[in-house]
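**Student:** Going by our numbering, the first residue of the sequence shown is number 157, and it counts up by one from there. Even glycine gets a Cβ: it sits at the ideal position worked out from N, Cα and C. Values in this document were obtained by computation on a predicted structure and should not be read as measured data.
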Amino acid sequence: LTGDSEKERDDMQEYYEKLQREVKEGKCTLGIELGSTRIKAVLIDSEKHPAASGSYSWENRYEDGVWTYSLEDIRTGIQEAYADLARDLETKCGEQLRRPAAIGISAMMHGYMAFDQNGELLVPFRTWRNTMTQEAAEKLTALFSYNIPQRWSIAHLYQAMLNKEAHLPELAFFTTLAGYIHWILTGEKVLGIGDASGMFPIDSEKKCYDEEMLGKFEALAETKAYPWKIREILPAIRLAGESAGNLTAEGAAFLDVSGNLEAGVPLCPPEGDAGTGMAATNAVAVRTGNVSAGTSIFAMAVLEHALKKVHTEIDLVTTPDGAPVAMVHCNNCTSDINAWMGLLREFAETMGFEPDMNVMFEKLFHKAMESAPDCGGLLSYCFLSGEPVAGLAAGRPMFVRTPSAKLDLANFMRTHIYGAIASLALGMDILFCEEDVKLDRLMGHGGLFKTKGVGQQIMADAMGVPVSVMETAGEGGAWGIALLAAYLVEKKDGQTLPDYLNEAVFSRTEAETLAPDKAGQAGFAAFLRAYRAGLPAEGAAVSHIAG
């Protein structure tokens with residue numbers, strides 16, 4: 157126990173004794189999210205506060221032209237994250253986690269995990285990061301009159317059909333990463349509607365896959381070569397608050413190698429990181445939105461009305477309870493910043509210092525706020541991989557300056573933060589300017605918002621909308637899926653998800669809101685004009701510099 161005063165230590169002791177009782181009585185809820193670079197597990201108490209947590213760092217592999225994680229990576233990662241949480245919990249209150257009130261599983265959306273009738277993976281997991289499905293995405297978008305991005309599961313399936321891949325005759329089921337983990341834990345081939353909306357288009361009124369589009373897909377000539385129909389191989393849809401199965405003995409052993417976790421725990425529908433981000437930021441009601449900024453970046457806007465036309469830069473997905481959402485998703489965000497920070501750390505170490513990376517990030521992010529609002533003529537393209545919003549099939553991280561630009565540390569840092577969110581701004585401009593979408597606020601979460609007041613202010617300036625960050629923002633999607641698990645077992649008759657979040661969770665949660673700054677807005681607008689004009693140079697780098 158730590159604390160600055162005797163009272164704080166007494167308060168913490170009292171809390172841990174309360175936590176011990178709640179763990180014994182099965183009142184805590186567990187959420188696990190498999191993100192791109194980290195798997196995080198969070199246990200929340202009866203008041204929805206994060207009580208214990210664990211994590212595991214991992215990286216995707218680029219093998220045979222595919223961004224992937226192996227099944228062994230997945231198994232090891234989720235077990236290590238759970239074990240880390242169990243150790244944290246035991247340290248805090250001396251208890252083993254045996255029977256939480258409910259469990260929720262979330263993961264990065266989209267991608268392609270294809271299985272045969274025996275449950276064997278047919279091809280390596282193709283993650284959202286792959287940009288190999290352009291032909292399929294374009295043909296399906298034209299067929300459906302509905303934007304189908306390259307990373308969507310149906311685009312991966314159709315591209316495999318166009319390529320006549322050998323595994324397709326054996327295909328019996330395909331799903332997302334969250335759907336796969338949930339299947340392992342429960343035996344149920346189901347998916348939350350938010351995650352399902354990144355596999356195949358959803359009818360938001362009927363809360364199911366769009367029947368007309370299912371019919372159009374089944375009428376395609378390529379489908380005639382295979383014994384399955386699309387309806388048969390998609391996971392079943394569940395809404396937030398609906399039962400999605402219970403933890404089996406095999407599932408408990410898969411998750412907790414210590415053997416302490418008991419079977420029978422209910423699980424909520426598995427969700428994608430977009431849906432858990434909406435839950436974690438209380439952005440599931442109309443005219444609310446959220447921005448998740450980490451390895452990738454995406455913004456969600458819960459819609460008042462349907463969009464007037466199809467935009468290839470805009471995904472149409474849903475909240476965990478099925479409300480229509482416009483999503484701008486970009487593959488690249490903070491990875492290039494992390495690479496530059498690694499270089500600066502190496503410089504510091506060469507000079508004989510041992511820098512604390514958390515302190516480095518905080519100080520250098522604050523330094524960015526001392527820069528010229530337009531970054532003084534510097535430009536950064538953070539593309540490690542392809543970026544469909546910017547029209548790029550592949551990426552080459554690129555930092556550019558004119559001879560007269562002012563290259564100093566403040567401008568350098570602000571440029572890379574601007575570059576991390578510029579592709580998002582390209583897509584959001586379509587919603588705000590062409591589709592007249594209105595938002596009362598955006599909620600921010602993810603690593604970009606960790607340094608107080610920096611990423612948040614820059615995002616507000618870039619979007620022209622007030623941005624709020626909650627004290628729980630650092631818990632991210634693992635906390636969000638834990639909340640959805642709590643909703644499963646705590647909801648009252650007729651209580652909607654927005655009502656539950658407002659009443660049971662966020663009525664006690666403080667948020668800090670920053671409004672757009674006029675000088676910052678003008679500076680970002682100037683940067684974005686230069687950024688747009690320079691995109692052909694990034695395209696030339698992709699064409700002429702070998703990957």
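Is the separation between the beta-carbon of T193 and that of I358 shorter than 8 Å?
**Tutor:** No.
**Student:** As an exercise, report each continuous beta strand (DSSP E) stretch of at least 3 residues that is fully enclosed by the region 573 to 644, in chain order.
**Tutor:** 597 to 601, 623 to 626
**Student:** With the cut-off set at 8 Å, would you say G371 and D351 are in Cβ contact?
**Tutor:** no
**Student:** Within this structure, are the beta carbons of R282 and V222 separated by less than 8 Å?
**Tutor:** Yes, the Cβ-Cβ distance between R282 and V222 is below 8 Å.
**Student:** Along the chain, where does the beta strand (DSSP E) that runs through M264 open and close?
**Tutor:** Premise fails: M264 is in no beta strand (DSSP E) and is neither H nor E.
**Student:** For the beta strand (DSSP E) containing Y382, name the first residue and the last one.
**Tutor:** No beta strand (DSSP E) contains Y382, which DSSP labels as neither H nor E.
**Student:** Below 8 Å on the Cβ atoms is my guess for L459 versus V440; work out the distance and round it to an integer in Å.
**Tutor:** At roughly 12 Å, the Cβ-Cβ gap does not stay under 8 Å, so L459 and V440 are not in contact.
**Student:** Note down, one range per segment and in chain order, each alpha helix (DSSP H) of at least 4 residues found wholly within the region 459 to 523.
**Tutor:** 491 to 506
**Student:** In terms of residue numbering, what span does the beta strand (DSSP E) encompassing L190 cover?
**Tutor:** 185 to 190
**Student:** Quick check: I577 and A693, are their CB atoms within less than 8 Å of each other?
**Tutor:** no
**Student:** If we count Cβ pairs, one from each stretch, closer than 8 Å, do we get three or more for the region 253 to 260 versus the region 414 to 426?
**Tutor:** yes
**Student:** Check F330 in the structure and name its three-state DSSP category.
**Tutor:** strand
**Student:** Grab me the residues of E638's own chain with a C-beta within less than 7 Å of its C-beta, minus the 5 sequence neighbours each way, in chain order.
**Tutor:** According to the sequence displayed, residue 638 carries Ala and not Glu. For A638, where only same-chain residues beyond five positions count, the Cβ hits under 7 Å are T185, L186, G187, V198, I200, G260.
**Student:** Measure the CB-CB distance between S541 and T332 and report whether it falls below 8 Å.
**Tutor:** no
**Student:** Between which two residues does the beta strand (DSSP E) containing R165 stretch?
**Tutor:** Taken as a continuous stretch (DSSP letters only), R165 belongs to no beta strand (DSSP E), being part of the alpha helix (DSSP H) at 162 to 181.
**Student:** Label L653 either buried or exposed according to how many other C-beta atoms from any shown protein chain fall within 10 Å of its C-beta, with 16 as the threshold for buried.
**Tutor:** buried
**Student:** Quick one: measure Cβ to Cβ for I349 and K363, integer angstroms, because I've assumed they're closer than 8 Å.
**Tutor:** About 6 Å separates the two Cβ atoms, so the contact holds.
**Student:** On a CA-only basis, which of D592, L190, L535, L253 is nearest E178? Give me that one, please.
**Tutor:** Among D592, L190, L535, L253, the Cα nearest to that of E178 belongs to L253.
**Student:** What would DSSP say about Y225, mapped onto helix, strand or coil?
**Tutor:** coil
**Student:** Quick one: give me the first and last residue of the beta strand (DSSP E) that K196 is part of.
**Tutor:** 194 to 200
**Student:** Between D272, Q677, I701, which lies nearest to A730 when the distance is taken from Cα to Cα?
**Tutor:** Any question about residue 730 goes unanswered here, given that the chain covers just 157 to 703.
**Student:** To which residues of the same chain is G695 closer than 8 Å at the C-beta, ignoring the five residues directly before and after it?
**Tutor:** Setting aside the 5 residues that flank it on each side, G695 is surrounded in the same chain by G547, L548, each with a C-beta closer than 8 Å to its C-beta; the list follows chain order.
**Student:** Short check: CB of N487 to CB of S452, under 8 Å?
**Tutor:** yes
**Student:** By Cβ distance below 8 Å, which residues in the same chain neighbour D564 in space, the five residues on each side in sequence not counted?
**Tutor:** S527, G532
**Student:** Would you please state the rounded distance, in angstroms, between the beta carbons of D272 and A237? I believe it to be under 8 Å.
**Tutor:** At roughly 28 Å, the Cβ-Cβ gap does not stay under 8 Å, so D272 and A237 are not in contact.
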